[in-house]
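Protein chains in written order, with full-length UniProt numbering: chain U, 1 to 368; chain R, 1 to 368. Below you'll find the structure, written out as structure tokens, and then a few comments.
2 protein chains.
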Amino acid sequence: MSHPRYTDLILSLPASVPFVGPEVQERTRGAPFAARLGANENVFGPSPHALTAMRDALEGIWQYGDSASFDLKEALSAHLDVTPENLVIGEGIDGLLGYLVRLLIAPGDAVVTSDGAYPTFNYHVSGFGGVLHKLPYNGDHEDPDALFAKAAEVDAKLVYLANPDNPMGSWHEGDTILRALDMLPEGCLLLLDEAYVEFAPEGTAPRIAADDPRVIRMRTFSKAYGMAGARIGYAIGAPDLIRSFDKIRNHFGLNRAAQAGALAALQDQDWLAQTLARVDASRRQIADIAAKNGLIALPSATNFVTIDCGADGDFARRVLASLVNQDLFVRMPFAAPHDRCIRISCGREADLALFRAALPKALAEARA
Amino acid sequence: MSHPRYTDLILSLPASVPFVGPEVQERTRGAPFAARLGANENVFGPSPHALTAMRDALEGIWQYGDSASFDLKEALSAHLDVTPENLVIGEGIDGLLGYLVRLLIAPGDAVVTSDGAYPTFNYHVSGFGGVLHKLPYNGDHEDPDALFAKAAEVDAKLVYLANPDNPMGSWHEGDTILRALDMLPEGCLLLLDEAYVEFAPEGTAPRIAADDPRVIRMRTFSKAYGMAGARIGYAIGAPDLIRSFDKIRNHFGLNRAAQAGALAALQDQDWLAQTLARVDASRRQIADIAAKNGLIALPSATNFVTIDCGADGDFARRVLASLVNQDLFVRMPFAAPHDRCIRISCGREADLALFRAALPKALAEARA
């Protein structure tokens, strides 16, 4: 009997972490990155009003944040046309994913996701002892029909679907998801990860009532709103489910300045529109760079572009390694067959110039 | 079979939350508080250097924070004379408490604490299905010997002890805890909550080796460093235990500006010294106000003063209600016999002037 005695579940968990951050990579490499295009951060940054709001809020940083995030919820509820009772705010989508899994998944419970989808979701499922059933994508798209059918087959309590998808950048029309919902089995909750939805074409977000008990949607200020370092995400769902988060969440876990910043960011939809235009231009540039190198950029409804390197995973891993050696922080899909691709976050002109310069050499090295 | 299917544990949990925040109270009351003396926040605020560091970090808020909190850990390890492997940084002590309980406590596992000690710890224990054994204080002090004996009796995996204590403000000399440690049973981890330790007399922190597998200590930037709204806490423990947090924690859960602010706050020990002097002066003023009203202020090693109202819990609750009605945010101990007291956080002259003016009326109303 040693100090301390971990639970059996904890003892069964691997020591590995879902993502190695760029700062950790820089320290391992012993060199900084020249461009940061690997974590789908939004280099165009938050609204100046959000920066001002966060700066102004620092004077009050001696106070805990509002445990109910009242002002932010009010503003979101007006913006989304839902009630505040449909909203829970958390420490980014990652934090909310952990809470949601904890609400539903006990050891042995079945969960369905796509093979190669968001690793941090899988991390939380494993962390609570859930059994993951992973389905292949349908080409470069997640497959809602197959996911929901699998959920029925394995009696899943939770099924994960990202729309748009990360790491492939693909998307479904909202109506496609709405139709597929008919196949979602009783007792299975659809977790719809909409982290990138602001970047997607009109109609990508399905018209699901916020009170629909079959679905919880998650969104964030980390991507389109450019505040990844602030850690503010939110979930939209039926009031009973939303209330359940209060049984377990870290009630005073949110940074007070970040709460103020998210509110101001939401209120500056002009800035958001500018960001979307910049991201769209950046996507075109990345696709252009890919094409000039004889590669195919996949269509993207996100702030990144996934590029098919035209061969197998080993080839793409060599391309990636060379890009990293050339001081570019980039990542690639983990699972076959998508590991034939690399994934480039949208960047400024200067960031993309570095990528433009580095890609030919990376391909040459990978082919050598 | 409804949507969604919660775990049995979640269904068993109450909807109540450990603390109702002051903003929530203000909305319920329909009036703002004139002084905020209820949450042991540090109204003297963070070092100006910390404010500058957070302001400067906002430019980079589009990036996730460093998942390893490398710079902050390096600085803390130098400051505390421990290795970075002895440190984990989290979303305040509250966040770390949740992670620690999850590491150790499965449904039915025994945990020992004092009756009336930190409710958020109890919240997490219940949230993971642990069985709480609550011991009475010894007078106004937690009782390490009794806690550890109880831990042996019930085969506890975890025992909670705060030093200094909240809500009583009392403390033990470090050597007292060190001696009691001999009675800590095998297989039981001591969670030593040192949230207030910077305010305490020299010698209050026991000289326990960071590698000692029997103990984990938790500290925070929320109290003496004046950054409650930033959400940065840390734990000091044996490397194996510290590494275990990486199996479950929200790796990218910390606000990037808060990480920079905590680093700068730590590096400004002159500001900390000024804060401690201000807090000490404020404690004396609160004790003086109590004495002038015929009440006894308990000795405090924290940034609050617990005042014995000289009667029972109902009386103190009436005093508290009147203070709240007079627009003072204050709280009181939850459990008898300590609910004979009210608890006043240290404040500025203006805050204490309001308390000085309100207390006689509150006592008169309570006696009426």
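Every residue gets a Cβ at the ideal spot worked out from N, C-alpha and C, and that includes glycine.
Do residue i and residue j have their CB atoms nearer than 8 Å?
| i | j | result |
| --- | --- | --- |
| U/N163 | U/T204 | yes |
| U/A347 | U/A53 | In the sequence as presented, Ala is not what sits at residue 347 of chain U; that position holds Gly. For U/G347 and U/A53, no; Cβs fall outside 8 Å. |
| R/L191 | R/S69 | no |
| U/V88 | U/I242 | yes |
| U/C309 | U/V324 | no |
| U/A106 | R/T7 | yes |
| R/E50 | R/A265 | Sequence check: residue 50 of chain R is Ala here, not Glu. A contact, by the Cβ cut-off of 8 Å. |
| U/G256 | U/Q25 | Before going on, a small fix: residue 256 of chain U reads as Arg here, not Gly. Going by C-beta atoms, U/R256 is not nearer than 8 Å to U/Q25. |
| U/G45 | U/S345 | no |
| R/V112 | R/A180 | no |
| U/L184 | U/L161 | no |
| R/S114 | R/E142 | yes |
| R/P119 | R/F334 | yes |
| R/Y196 | R/L272 | no |
| R/G21 | U/F252 | yes |
| U/R214 | U/I236 | no |
| U/G92 | U/G108 | no |
| R/E194 | R/R231 | no |
| R/L276 | R/G127 | no |
| R/M168 | R/D140 | yes |
Helix, strand or coil for residue i? Go by DSSP, reduced to three states.
| i | result |
| --- | --- |
| R/M1 | In this prediction, R/M1 has a pLDDT of 46, which is less than 50 and means its spatial position is unreliable; what the coordinates show is noted afterwards. The answer is coil: DSSP assigns R/M1 none of H, G, I, E or B. |
| U/I89 | strand |
| U/F53 | The sequence shown places Ala at residue 53 of chain U, not Phe. In the structure shown, U/A53 sits in a helix (DSSP, three-state: H, G or I). |
| R/V330 | coil |
| U/G233 | strand |
| U/F148 | helix |
| U/A135 | The question names Ala, but residue 135 of chain U is Leu in the sequence shown. Note: U/L135 maps to strand in three-state DSSP. |
| R/F304 | strand |
| R/T113 | strand |
| R/R356 | helix |
| R/H172 | coil |
| U/L189 | strand |
| R/I61 | coil |
| U/L13 | coil |
| R/M227 | coil |
| U/T7 | coil |
| U/R217 | strand |
| U/V82 | coil |
| R/V324 | helix |
| U/L158 | strand |
| R/S345 | strand |
| R/A35 | strand |
Kindly list the residues whose CB is nearer than 6 Å to the CB of residue i, restricted to its own chain and excluding five residues on each side of it in sequence; keep chain order.
| i | result |
| --- | --- |
| U/M1 | Interpretation of U/M1 is limited by its pLDDT of 47, a score under 50 that renders its predicted location unreliable; no figure is taken from the coordinates. |
| R/L178 | P206 |
| U/H172 | N163 |
| U/P299 | none |
| residue 412 of chain U | Outside the modelled stretch of chain U, which goes from 1 to 368, sits residue 412 of chain U, for which no answer is possible. |
| U/E198 | A224 |
| residue 405 of chain R | With chain R covering only 1 through 368, there is no way to say anything about residue 405 of chain R. |
Skipping 5 residues on each side, what residues in its chain have a beta carbon closer than 8 Å to that of residue i?
| i | result |
| --- | --- |
| U/I248 | Y99, R102, L103 |
| R/A350 | A35 |
| U/I296 | A290, I307, D308, G310 |
For the ligand MN, any of its heavy atoms closer than 7 Å to the Cβ of residue i?
| i | result |
| --- | --- |
| U/G294 | The ligand MN is absent from the structure shown, which contains no ligands of any kind. |
Under 7 Å Cβ to Cβ from residue i, same chain only, skipping five residues before and after it: list those, please.
| i | result |
| --- | --- |
| R/L72 | I89, Q259, A262, L263 |
| U/A149 | M183 |
Show which residues of chain A have a CB atom less than 7 Å away from the CB atom of residue i.
| i | result |
| --- | --- |
| U/A39 | Here the protein chains are U and R, and chain A is not one of them. |
If contact means a Cβ-Cβ distance below 7 Å, which residues of the segment 58-72 of chain R contact chain U? Cβ contacts with chain U: L58, G60, I61, W62, Q63, Y64, G65, D66, S67, A68, F70.
For the segment 212-235 of chain R, which residues have a beta carbon sitting closer than 7 Å to at least one beta carbon of chain U? From the segment 212-235 of chain R, only P213, R214, G226, M227, A228, G229, A230, R231 have a Cβ closer than 7 Å to chain U.
Please name the residues in the segment 255-273 of chain U whose beta-carbon is closer than 8 Å to at least one beta-carbon of chain R, in chain order. Those residues of the segment 255-273 of chain U placed with their C-beta closer than 8 Å to a C-beta in chain R are N255, R256, A257, A258, G261, ordered along the chain.
To be precise: take each residue of the segment 143-160 of chain R, compare its Cβ to all Cβ atoms of chain U, and keep it if any distance is under 7 Å. Which residues remain? So the list reads K157, given in the order they occur along the chain.
Short of 8 Å Cβ to Cβ, which residues in the segment 4-18 of chain U face chain R? Per Cβ criterion, the list reads P4, R5, Y6, T7, D8, L9, I10, L13, P14, A15, V17, P18.
Of all the residues that make up the segment 84-106 of chain U, which are near chain R by a beta-carbon distance shorter than 8 Å? For the segment 84-106 of chain U, the set of positions with a beta-carbon nearer than 8 Å to some beta-carbon of chain R reads E91, G92, D94, G95, G98, R102, L103, L104, I105, A106 in chain order.
Whole alpha helix (DSSP H) runs in the segment 243-327 of chain R with 4 or more residues, listed along the chain? The segment 243-327 of chain R contains these whole alpha helix (DSSP H) runs: 256-266, 269-292, 313-325.
Chain U contacts from the segment 43-56 of chain R (Cβ-Cβ distance under 9 Å): If the cut-off is 9 Å between Cβ atoms, the segment 43-56 of chain R has V43, F44, G45, P46, A50, L51, M54, R55 near chain U.
Against chain R: residues of the segment 292-304 of chain U by CB proximity under 8 Å: The segment 292-304 of chain U vs chain R, Cβ under 8 Å: nothing.
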